[in-house]
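Going by full-length UniProt numbering, the first residue of the sequence shown is number 1, and it counts up by one from there. Beneath this line is the structure, given in structure tokens, with notes to follow.
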Amino acid sequence: MKIPWKLKSQIFLVVEQLKAYRLLYLLQKYLTGRSRIALDTVAEWRKQLSELKEQNVGGIMFEFGAGKNLGQNLLLSPLFEQQYVVDLNPMLDFDLVNRTGLALAEVQPEFRYDSVHDKAQLNKRYGINYQAPYDARHTHFKDNSVDVCVSTNTLEHIPRQDIEAIFTEVYRILKFGGVVSAIIDYSDHYAHTDPSIGLLNFLQYSDEQWQRHNPGCHYQNRLRHYDFEVLFQSVGFEVVKNEPSYAEPHPPEYIAPCFNTQAPSLTATQGYFLLRKPDTNQAQPD
Numbered sequence: 001m002k003i004p005w006k007l008k009s010q011i012f013l014v015v016e017q018l019k020a021y022r023l024l025y026l027l028q029k030y031l032t033g034r035s036r037i038a039l040d041t042v043a044e045w046r047k048q049l050s051e052l053k054e055q056n057v058g059g060i061m062f063e064f065g066a067g068k069n070l071g072q073n074l075l076l077s078p079l080f081e082q083q084y085v086v087d088l089n090p091m092l093d094f095d096l097v098n099r100t101g102l103a104l105a106e107v108q109p110e111f112r113y114d115s116v117h118d119k120a121q122l123n124k125r126y127g128i129n130y131q132a133p134y135d136a137r138h139t140h141f142k143d144n145s146v147d148v149c150v151s152t153n154t155l156e157h158i159p160r161q162d163i164e165a166i167f168t169e170v171y172r173i174l175k176f177g178g179v180v181s182a183i184i185d186y187s188d189h190y191a192h193t194d195p196s197i198g199l200l201n202f203l204q205y206s207d208e209q210w211q212r213h214n215p216g217c218h219y220q221n222r223l224r225h226y227d228f229e230v231l232f233q234s235v236g237f238e239v240v241k242n243e244p245s246y247a248e249p250h251p252p253e254y255i256a257p258c259f260n261t262q263a264p265s266l267t268a269t270q271g272y273f274l275l276r277k278p279d280t281n282q283a284q285p286d
């Protein structure tokens, strides 16, 4: 559905003021189709699967920002003994979970799917333990107890200070040598439903101007690839893979001064990071 972005931002502002989040979800599910599985989304899940297979991971996985359909978690389920997947607010929709599972079985030949109807079945059949509401800044895990953390298209919706707190916590709970696999969408999400604007439209606005179009229920932090690289390293992670990608051939001519216009990755529309918690037990060179 095509929706002018400024109109959409005003609708979100009204939703925020009225706290009509349930109505927003129903509109996304049945009217706009924003809750449906898309081919590019499956490609991102396959990217995560490929990267994690390359790292030969297993054991315990943690994901914050799991979302409504858990398609990525279903696809990754053969890799892990247990997945703990959480959302700040309850989002799980078993109707979408089952639709997504059946759709995955059609496009992913090795994937087999049996429908589930509650959290107990989800955990028993696929090793997926869903918890919400859950604050990823303060988890229940012990130090050095989790093998992998995964994040896909979630970090762009979290304020910077909360990202720092979450990754400080992730660093604590990851085992030495454990990895984080993160895909981040740097595009202006209003462009997803308004083809009249580019994927980097929001870079034209100052922080004050952008605040008028950035309600909490559609929050975009506008952090760029270079911001995340610095943030991850400041927490203590080793950056193993650092892959910005560019899908906008015509960025805005004017970029607001609040962005680093000299950074090559300013105009990235997506990024991938593979991070590792350094293994302090590893032998040091002489």
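Glycine is no exception: its CB is placed at the ideal position from the N, C-alpha and C atoms. As the structure is a computational prediction, the values presented were derived from the model and not from experiment.
For residue 35, is the classification buried or exposed, using 16 other Cβ atoms within 10 angstroms of its Cβ as the cut-off for buried?
-> Here the question's residue 35 lines up with position 35 in the sequence shown. Because the pLDDT of residue 35 is 47, which lies under 50, any placement of that residue in the model is unreliable, and the question is left without a value.
Within the segment 39-94, note down every full beta strand (DSSP E) run reaching 3 residues or more, in order along the chain.
-> 60-64, 82-86
Below 7 Å CB to CB, which residues in the same chain sit around residue 179 once its five sequence neighbours on both sides are set aside?
-> On the sequence shown, position 179 is the one that residue 179 refers to. The residues are 55, 57, 148, 274, 275, 276.
Distance between residue 255 and residue 128 (C-alpha atoms, nearest Å) = Counted from its first residue, the sequence shown places residue 128 at position 128. Counted from its first residue, the sequence shown places residue 255 at position 255. C-alpha separation (whole angstroms): 43 Å.
Helix, strand or coil: how does DSSP classify residue 273 here?
-> Walking along the sequence shown from the start, residue 273 turns up at place 273. If DSSP states are grouped into helix, strand and coil, residue 273 belongs with the strands.
Unbroken alpha helix (DSSP H) run spanning residue 234, endpoints | Looking up residue 234 in the sequence shown gives position 234. First-last of the alpha helix (DSSP H) with residue 234: 225-235.
According to DSSP, is residue 2 helix, strand or coil?
-> Taking the sequence shown and counting its residues from 1, the one referred to as residue 2 is at position 2. DSSP places residue 2 in coil when its eight states are reduced to three.
Three-state secondary structure assigned by DSSP to residue 244 | Counting from one through the sequence shown, the residue named residue 244 turns up at place 244. Of the three classes helix, strand and coil, the one that applies to residue 244 here is strand, per DSSP.
How do the segment 125-142 and the segment 165-173 stand: do at least 3 beta-carbon pairs fall below 8 Å, yes or no?
-> yes
Reduced DSSP secondary structure (H/G/I, E/B, other) of residue 207 | Within the sequence shown, the letter at position 207 stands for residue 207. Note: residue 207 maps to helix in three-state DSSP.
Between the segment 68-84 and the segment 159-167, do at least 3 Cβ pairs fall closer than 8 Å?
-> no
Do you know offhand how far residue 201's Cα is from residue 267's?
-> Here residue 201 refers to the residue found at position 201 of the sequence shown. Here residue 267 refers to the residue found at position 267 of the sequence shown. Distance between the alpha carbons of residue 201 and residue 267 is about 11 Å.
Return yes when the Cβ of residue 146 is within less than 7 Å of the Cβ of residue 11, no when it is not.
-> Here residue 11 is taken as the residue at index 11 of the sequence shown, counted from 1. Here residue 146 is taken as the residue at index 146 of the sequence shown, counted from 1. Taking 7 Å as the Cβ cut-off, residue 11 and residue 146 do not qualify as a contacting pair.
Selected residue, minimal CA-CA separation from residue 238, among 245, 72, 229 | Here residue 238 refers to the residue found at position 238 when the sequence shown is read from its first residue. For the residues 245, 72, 229, the minimum Cα distance to residue 238 belongs to 229.
CB residue 3 to CB residue 269, shorter than 7 Å?
-> Position 3 of the sequence shown, counted from the start, is the residue given in the question as residue 3. Position 269 of the sequence shown, counted from the start, is the residue given in the question as residue 269. Result no, Cβ atoms of residue 3 and residue 269 do not sit closer than 7 Å.
Straight-line gap, residue 249 to residue 215 (C-alpha atoms, nearest Å) = Translated into the one-based positions of the sequence shown, residue 249 becomes position 249. Translated into the one-based positions of the sequence shown, residue 215 becomes position 215. Using only the alpha carbons, I get a separation of about 28 Å.
Taking residue 287 and residue 132 to be in contact with their CB atoms under 8 Å, please state how far apart those CB atoms are, rounded to whole angstroms.
-> Because the chain spans 1 through 286 in this model, residue 287 falls outside it and cannot be assessed.
So residue 74 and residue 100 are in contact, right, with Cβ under 8 Å, and what is the actual spacing, rounded?
-> By one-based count along the sequence shown, residue 74 stands at place 74. By one-based count along the sequence shown, residue 100 stands at place 100. Contact flag correct, Cβ pair sits at about 7 Å.
CB-CB under 8 Å to residue 224, same chain, minus the five flanking residues each way: which ones, in chain order?
-> On the sequence shown, residue 224 is found 224 positions in, with the first residue counted as 1. Contacts found: 186, 259, 260, 263, 265, 266, 268.
Taking residue 162 as part of the alpha helix (DSSP H), name the residues at either end of that continuous run.
-> For the purposes of this step, residue 162 is taken as the residue at position 162 of the sequence shown. Segment 160-173, the alpha helix (DSSP H) holding residue 162.
When the distance is taken between beta carbons, is residue 155 closer than 7 Å to residue 197?
-> In the sequence shown, counting from the first residue as 1, residue 197 sits at position 197. In the sequence shown, counting from the first residue as 1, residue 155 sits at position 155. No, Cβ-Cβ distance for residue 197 and residue 155 is not below 7 Å.
Per DSSP, cross-strand counterpart(s) of residue 131 = Counted from its first residue, the sequence shown places residue 131 at position 131. DSSP, once it has assigned bridges, lists 86 as partnering residue 131.
Under a Cβ-count criterion, where at least 16 other Cβ atoms within 10 Å of its own Cβ denotes burial, should residue 151 be classed as buried or exposed?
-> By 1-based counting over the sequence shown, the position of residue 151 is 151. Label assigned to residue 151: buried.
Determine the DSSP secondary structure at residue 9, reduced to helix, strand or coil.
-> Here residue 9 refers to the residue found at position 9 when the sequence shown is read from its first residue. Note: residue 9 maps to helix in three-state DSSP.
8 Å CB neighbourhood of residue 18 in its chain, flanking five on each side removed | Taking the first residue of the sequence shown as 1, we reach residue 18 at position 18. Excluding residues within five positions, none has a Cβ falling inside 8 Å.
What distance in whole Å lies between the Cβ atoms of residue 199 and residue 191, which are believed to be in contact at a cut-off of 8 Å?
-> For the purposes of this step, residue 191 is identified with residue 191 of the sequence shown, where counting begins at 1. For the purposes of this step, residue 199 is identified with residue 199 of the sequence shown, where counting begins at 1. Going by Cβ atoms, the distance from residue 191 to residue 199 rounds to 5 Å, so yes, they are a contact pair.
Reduced DSSP category for residue 216 - H, G, I as helix; E, B as strand; rest coil | Taking the first residue of the sequence shown as position 1, residue 216 is located at position 216. If DSSP states are grouped into helix, strand and coil, residue 216 belongs with the helices.
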